[in-house]
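Input: a single structure, listed below in structure tokens.
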Amino acid sequence: MNLLHRFTSDTLFKALFSMYPDLLKRVISLLLDIPLEAITEFTLKNQEMPALTADGKSSRLDVRMMVNGKMVTLEVQVAKEPFFVARSLFYWSRQFSGVLKVGQPYSSLPPVIIISLLDFVLFDYCDDWFSCFWLLEVKRHTRLSDLLELRYYELPKLPKKADVRDEKQMVLALFKAKTKEQLKEFEKNGGPLVKQLIEAYHHVVVSEQFQELELQREMALHDEATAMESVERKNDEKWQRILAAERESWQRELAAERESLQREMALHDKATAMESVERKNDEKWQRILAAERESWQRELAAERESWQRKFESALRQNDEKWQRKATKKKKEKEKPL
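Sequential numbering of the sequence shown, starting at 79, is according to this note's numbering.
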């Protein structure tokens with residue numbers, strides 16, 4: 079069965095370590111890789127539980143402390159943000175610059191260490207579940223200053239089964255636990271610190287302080303959802319007006335286009351009618367011309383026939399005339415002298 083509240087819940091995280099600073103000190107010794115007995119100064123700076131606001135962003139639920147003269151911030155992050163590294167640097171800069179009071183020398187600035195427990199993979203180019211970043215010279219790799227240190231623990235990269243002999247790995251794996259069965263497994267196999275964290279967890283989740291904080295969170299989420307709904311409704315009304323104006327504009331354009339098309343169709347119809355008339359007139363004139371041509375051809379044939387007859391008659395008359403002359407000359411020759 080799934081846990082109602084996971085260790086990575088920022089409200090539980092904040093409440094747990096605010097109510098049990100001794101456990102926080104032991105966890106910090108593991109995360110900073112320093113022996114517990116080497117921590118000579120440990121002061122929790124923001125032990126109070128801030129109220130959540132409607133936007134859910136104005137109150138941070140991290141844990142800040144002074145450890146051996148260094149300002150250390152422990153935070154848990156569940157949701158992967160696209161610019162988380164830039165966010166880390168900005169957060170570090172705010173912590174670093176916020177320490178220096180007016181009139182104080184720069185030498186009073188303490189080192190600031192940000193420890194981020196991440197429930198997502200931040201650096202997908204490596205399999206290491208722990209990464210620590212300093213300011214280094216690019217060629218010699220010498221450290222510029224100990225004033226900046228960013229430590230990232232990527233919980234999804236932890237081994238599927240934590241090494242019970244590795245106390246840091248077991249504590250981090252506990253923060254990754256999602257079910258009651260896994261919690262019981264840690265109670266059974268975990269070391270003293272893991273068992274004490276689980277016992278503190280059970281006390282915190284039923285505490286009035288934590289319940290009040292969870293109620294504030296729920297109310298903040300409801301307020302945010304209501305505000306978002308109001309914004310979405312206003313945006314929806316705005317887009318409805320925009321769409322109505324667009325629809326009206328489209329309808330006017332469509333009406334104009336339809337009118338233009340009707341004019342074009344009327345012109346096409348007129349042109350088609352004219353073409354039909356011209357074609358009919360052309361056929362009429364073709365028939366007239368054909369009839370005229372046929373009449374001319376008949377007249378020409380008759381004229382040719384008339385001239386042919388006249389020519390043949392003239393030829394016969396001329397031939398008869400020469401025949402008579404020839405007969406007359408012949409008779410004259412035959413007369414006796």
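We put the beta carbon where it would ideally sit given N, CA and C, even for glycine.
Are there 16 or more other CB atoms within 10 angstroms of the CB of residue i, so buried, or fewer, so exposed?
| i | result |
| --- | --- |
| Arg394 | exposed |
| Gln155 | buried |
| Asp140 | buried |
| Lys403 | exposed |
| Ile75 | The requested residue 75 is not part of the displayed model; the chain covers only 79 to 415. |
| Leu110 | buried |
| Ser87 | buried |
| Ser166 | buried |
| Met248 | buried |
| Lys413 | exposed |
| Tyr203 | exposed |
| Ser136 | With a pLDDT of only 38 at Ser136, under 50, the local geometry of the prediction cannot be trusted, and no value is derived from it. |
| Ala333 | exposed |
| Ala298 | buried |
| Thr131 | Annotation note: pLDDT 49 at Thr131 (below 50); position unreliable, coordinate value reported separately. It is exposed - the Cβ of Thr131 has fewer than 16 other Cβ atoms within 10 Å. |
| Val145 | buried |
| Leu378 | exposed |
| Leu345 | exposed |
Within 8 Å of any Cβ in chain D, is that where the Cβ of residue i sits?
| i | result |
| --- | --- |
| Arg357 | The chain inventory of the structure shown lacks chain D, comprising one protein chain alone. |
What number of angstroms, rounded off, separates the C-alpha of residue i from the C-alpha of residue j?
| i | j | result |
| --- | --- | --- |
| Phe211 | Ser171 | 15 Å |
| Glu245 | His281 | 22 Å |
| Ser354 | Arg341 | 20 Å |
| Ala392 | Gln364 | 42 Å |
| Pro216 | Glu115 | For clarity, residue 216 is Val in the given sequence; the question names Pro instead. One C-alpha to the other measures close to 35 Å. |
| Leu271 | Gln260 | 16 Å |
| Lys408 | Ser384 | 36 Å |
| Leu90 | Phe288 | 7 Å |
| Asn219 | Lys239 | Reading off the sequence, residue 219 comes out as His, not Asn. Taking the straight line from one Cα to the other gives about 35 Å. |
| Leu101 | Phe95 | 7 Å |
| Arg243 | Gly269 | 8 Å |
| Glu372 | Asp360 | 18 Å |
| Lys449 | Leu367 | Residue 449 is absent from the model: the chain starts at 79 and stops at 415. |
| Arg319 | Ser308 | 17 Å |
| Leu122 | Met97 | 11 Å |
| Met306 | Glu296 | 15 Å |
| Tyr279 | Glu324 | 58 Å |
| Val312 | Leu213 | Sequence check: residue 312 is Lys here, not Val. Roughly 48 Å between the two C-alpha positions. |
| Asp206 | Ala322 | 56 Å |
| Ser327 | Arg336 | 14 Å |
| Leu196 | Trp317 | 39 Å |
| Ala380 | Ala369 | 17 Å |
| Glu286 | His300 | 21 Å |
| Pro99 | Val283 | 16 Å |
| Leu252 | Ala164 | 28 Å |
| Met343 | Arg357 | 21 Å |
| Glu302 | Val180 | 37 Å |
| Thr350 | Gln329 | 31 Å |
Under 7 Å Cβ to Cβ from residue i, same chain only, skipping five residues before and after it: list those, please.
| i | result |
| --- | --- |
| Gly147 | Glu119, Pro188 |
| Glu265 | Lys273, Ile276 |
| Lys256 | Asn80, Leu81, Arg84 |
| Glu310 | none |
| Arg387 | none |
| Ala157 | none |
| Leu108 | Glu245, Lys246, Val249 |
| Asn267 | Val242 |
Which residues in the same chain have their Cβ closer than 6 Å to the Cβ of residue i, if we skip the five residues on either side of it in sequence?
| i | result |
| --- | --- |
| Val150 | Met143, Ile191 |
| Leu152 | Val141, Ile193 |
| Asn124 | Arg142 |
| Leu228 | Ser166, Ile192, Phe211 |
| Gln401 | none |
| Asp133 | With a pLDDT of 45 at Asp133, under the threshold of 50, the modelled position of that residue is not reliable, and the figure given next carries that caveat. Around Asp133: no qualifying Cβ. |
| Phe174 | Val190 |
Please check the pair residue i and residue j, which I expect to be a contact at CB under 8 Å, by giving their CB distance rounded to whole angstroms.
| i | j | result |
| --- | --- | --- |
| Phe162 | Leu200 | 6 Å |
| Leu226 | Leu236 | Not really, about 26 Å apart at Cβ, beyond 8 Å. |
| Leu222 | Lys254 | Actually they do not touch by this definition, with Cβ atoms about 34 Å apart. |
| Tyr231 | Phe208 | 6 Å |
| Leu293 | Ala93 | In fact, because the Cβ distance is near 13 Å, the residues do not count as touching under 8 Å. |
| Ile117 | Lys103 | 6 Å |
Excluding the 5 residues preceding and the 5 following residue i in the sequence, name in chain order all residues of the same chain whose CB lies nearer than 8 Å to its CB.
| i | result |
| --- | --- |
| Leu178 | Tyr184, Ser186, Leu187 |
| Lys258 | Met79, Asn80, Leu81 |
| Pro160 | none |
| Lys406 | none |
- Query: Which ranges does the alpha helix (DSSP H) cover as unbroken runs of at least 4 residues, wholly within the stretch 84 to 122, from first to last along the chain?
  - Reply: The stretch 84 to 122 contains these whole alpha helix (DSSP H) runs: 88 to 97, 99 to 109.
- Report the residue ranges of all alpha helix (DSSP H) runs contained in full by the stretch 154 to 216; include only those spanning at least 4 residues, in chain order. DSSP assignment within the stretch 154 to 216 yields the following whole alpha helix (DSSP H) runs of 4 residues or more, N-terminal first: 162 to 177.
- Item | Within the stretch 236 to 284, ranges of the alpha helix (DSSP H) (whole runs, at least 4 residues) | List check, alpha helix (DSSP H) in window: 245 to 253, 258 to 267, 270 to 283.
- Message: My parser needs the beta strand (DSSP E) runs of 3 or more residues fully inside the stretch 286 to 319; what are they?
- Response: Not a single unbroken stretch of the beta strand (DSSP E) spanning 3 or more residues falls wholly within the stretch 286 to 319.
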